[in-house]
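In my numbering, the protein residues as written are 312 to 1285.
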RNA sequence: GCCAAAGUGGCGGAAUUGGUAGACGCGCACGACUCAAAAUCGUGUUCCUUCGGGAGUGAGGGUUCGAUUCCCUCCUUUGGUACCA
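In structure tokens:
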């Protein structure tokens, strides 16, 4: 093999790596570890497109580099195999989702193999495998058997809570629990029945069952988490989502809100992503207080961040779903309020959001009592108050809050200014500084002091206290679906119990269909015998999609362990992820939940880290460029401005030349003439990207792709004529322009847009090494960019050039054993240094550039020195492993290049003897002069000023100042 | 609306702490080799220019001997998020 034949070469080495298990990672105490992790994919039926592997390539480069640097590298891959598409497919076809999933996984693995990744496939995990989800269920069981102790600020076994109850009741317990948890004494606890005890414990468990308002998607027949809902529609499928009150499994992630927030400061994650998580957690400091009403047992709790504005309260507002709405509504307001509440409840998320400007609400007829002034304050119900945030009720301060202001204006409620100098005649003033007025005992105070004083007073009167509120809600942990991990719980009456560890995994039962039962139960309701040995029914919902992905990074460390989810030894050695690469779209989903699970596992002592990923990089998305053509809908008669084509009538007859064609046929118009006829109805249609080059449609290819007789007579109108029946007709005088323009658009790659670029095709044409290097070369990793094959030839050319460095004109391998020259060493060591720096800062694109420069320079020096080329192959191998292996072998090495060590750059080759200084005068570069590096600054100055050229520029003036920055510049100021 | 990131040739994109803007690649043009093509190699390529030079990193202003880089105002794009009290 003499030419660079990537096809056979890449196949050969991929096989070699498999056979020799080159990338097997075993615990080795003697070596430092490095854990490079990719977000594992959901194996969709469409296979990989060129965008998916971008992050994998980057992590592979780092993994291979770290290995060369002497690290023991764990670089695993697996599959997030439970998911909706496989289930939807199963519902339609009756094929078991496990079969579809297995097929997709094997296709994915085949595709991934083609890239030459250094994955250790022995570590593979699949979340849908019972030997994996056994441990997902195990963690769920542990969550159920844990509570959150605010005193120790961590999760503890539920037994410790029971012991406290048995000794003291719950009066001294400081735990995270349901809002409605009542206080009870030791005596009361002991008097509880077993059912009552269990019901009470459920209020403390980290996995619990509760009535929750959920995002219900009727089309999908399941609930969705907040991050699965976009603008009131389901993320997958785009079906409408409504709010519904349901009994649901939840995880008490709110217990960890503060630690999830503070933990962000300890990890090296992208700042925008951290910010997203901070916003999602939404910590706000304020106060909670209760307003008494005329009904003795009904006091309204509100949360506010502006307790200083308490004297500006002129009304209270309840969310329509608020439990006190019914109690507080007076008889004469009943009809109106009930009507309003009904209407608000039935509105979908979408309606509510698109309609934020309409002000609506109803007066309940009741009044609350202002805690300080004793004034009567009307209580309203309005849907601008959300039941899901704070207490579901607000104290309205029209002077300080724009929404309250608008509401007050609309319903003619009073507005009391409470900060001196603010103007509330036209809008609210949310200023947070100034002196309080109209404010009773806090009059004359600054806002800051007023806040403290008001809280003090609330606490004294025992009607309120300072409170931290979080936006984050507990995570709903159940889906009414088949294809997920069964929740390992059963019911005795209405009390849930979890299975014992020894009974796991609770495997998915066979069902006759994958859709809900007639009675509307989840698909698991179809399973026969879905119950414990003594006949207690199992839970029918399965876990949400994010369950399996919340801890997989630990399983990779020890995937075959049947006794533990990860052994103590494996976890102690691999510890945490050193580099995690994946998309930012998981910011408030997977990346938050997995941090939560890690902290829980840490609290209970099963892992020894409370953050699992030290460093995270979000790779950008590679988008596709879709191409559209313009089709005419309705035709009339006009002359376009730029040419003489006539559009005659309704039938789609294009010009006088083809007026005799009275058939109804398709007319497409080139995009460079569309504007001149834009008053007609046109529509855009996607075109398979293969039919388009440089925004020009290949009409024959297009018709071939459509393969539809209806298109046989289609007319394609261009600037100077039209194309029909295989030939082009010119209809105007002048130069022929038969170019049919398409309109490109950068969008997400998707089947329906015909813009998917399959990596298999690119690999077949250029090879995996070219594709790997090209994806790295395309631009910064974090940035999203459209896929564009325009530059791929350049990378391929580079690899061929590299190959030729090792071969003579007759394509025979030929390297020289002569000693390298200083210049050659300089080129090599500069490249080594650059490669190291670039990998440290993840600037993979400039690294590829530096290789190109290196090879260009070496080949112009005709350098084929063994000593240079050996090191060059090693530093290139993380990017282009196949060609590197081949050249490494040709150089006479018996082991794989992955066994080599990364050459250290030597400063001595890089030291410059002299430096060419740009000489600038008042900031403009006017000349260049060479000086030895050790030349004193004073001497440089003297020589510069003495030079003729500079003298000319100075025009006889004396410089005010001469600035010399070593190895940078000489600047003369006149 | 709020939060975040980003605006540099025909294109993708470079530019350590402020120090020769446009590296590297694509594209384009010309040339060499060839009967020819492919491949390869070489030269040029921000714009304007009277060939002296001038302008130039979204717009405007500021700090500086010197600004793509720092500060202020504005514009545009892309993500995220929202009656969050």
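Just so it is clear, CB atoms sit at the ideal spot from N, CA and C, and this is done for glycine as well.
Counting of Cβ neighbours within 10 angstroms places residue 1120 among the exposed residues, the total staying below 16. With fewer than 16 other Cβ atoms from the protein chains shown falling within 10 Å of its own Cβ, residue 1284 counts as exposed. For residue 1014 and residue 994, the gap between their C-alpha atoms comes out near 18 Å. Listed in chain order, the non-local C-beta contacts of residue 1281 below 6 Å within the same chain comprise 1228, 1230, 1255, 1275, local neighbours out to five positions each way being set aside. In the structure shown, residue 587 adopts helical secondary structure according to DSSP, grouped into three states. For residue 783 against residue 625, the beta-carbon gap comes to about 31 Å, at or over 8 Å, which does not count as contact.
Where residue 717 is concerned, there is no enclosing beta strand (DSSP E), although the alpha helix (DSSP H) around it starts and stops at 713-721. Of the other Cβ atoms in all chains shown, fewer than 16 fall within 10 Å of the Cβ of residue 839; this residue is therefore exposed. The alpha-carbon separation between residue 899 and residue 928 amounts to approximately 15 Å. For residue 1040, the uninterrupted beta strand (DSSP E) run begins and ends at 1038-1041, by DSSP. For residue 698, there is no enclosing alpha helix (DSSP H), as DSSP marks it with neither H nor E. Burial check for residue 349: the Cβ neighbour count within 10 Å reaches 16 or more, so the residue is buried. Residue burial is scored here from C-beta neighbours: residue 1246 has fewer than 16 other C-beta atoms within 10 angstroms and is therefore classed as exposed.
In the DSSP assignment, residue 418 falls within the alpha helix (DSSP H) that extends over 408-424. A distance below 8 Å separates the beta carbons of residue 465 and residue 914.
Annotation: residue 1116 to residue 1073 spans about 25 Å, alpha carbon to alpha carbon. Judged by their CB atoms, residue 932 and residue 1095 are nearer to each other than the 8 Å cut-off. Between residue 439 and residue 393, the gap from beta carbon to beta carbon is short of 8 Å.
Between residue 612 and residue 704, the beta carbon gap of about 7 Å places them in contact (Cβ cut-off 8 Å).
With a cutoff of 8 Å on beta-carbon distance, residue 731 and residue 748 are scored as near each other. Looking at the DSSP output, residue 349 sits in a beta bridge with 892.
Fewer than three beta-carbon pairs drawn from the region 418-429 and the region 852-862 are found closer than 8 Å, and the two stretches are therefore not classed as touching.
Residue 315 sits close to residue 1111, with the two beta carbons spaced by under 8 Å. Taken in chain order, the unbroken stretches of beta strand (DSSP E) that lie wholly in the region 1182-1239 and span 3 residues or more are 1225-1232.
Look at residue 505 here: in three-state DSSP terms it is helix. Secondary structure within the region 1092-1119: the alpha helix (DSSP H) runs of 4 or more consecutive residues, fully enclosed, are 1103-1116 (chain order).
Residue state for residue 829 is assigned as coil, using DSSP reduced to three classes. In the pairwise beta carbon analysis, the region 321-335 is classified as not touching the region 406-418: fewer than three pairs are separated by under 8 Å.
Separation of residue 829 and residue 366 (C-alpha to C-alpha, rounded to the nearest whole angstrom) is 44 Å. By the neighbour-count criterion, in which 16 or more other beta carbons inside 10 Å mark a residue as buried, residue 592 falls on the buried side. Beta-carbon to beta-carbon, residue 646 and residue 775 are separated by about 34 Å, too far to satisfy the 8 Å threshold.
Between the alpha carbons of residue 789 and residue 765 lies a gap of roughly 42 Å.
Of the residues assessed, residue 573 falls on the exposed side of the cut-off, its CB having fewer than 16 other CB atoms within 10 angstroms. When C-alpha distances from residue 560 are compared across 1118, 1214, 786, 577, the shortest belongs to 786.
Taking every protein chain shown into account, the CB of residue 604 has 16 or more other CB atoms within 10 angstroms, so this residue is buried.
Assigned with DSSP and collapsed to three states, residue 448 falls in helix.
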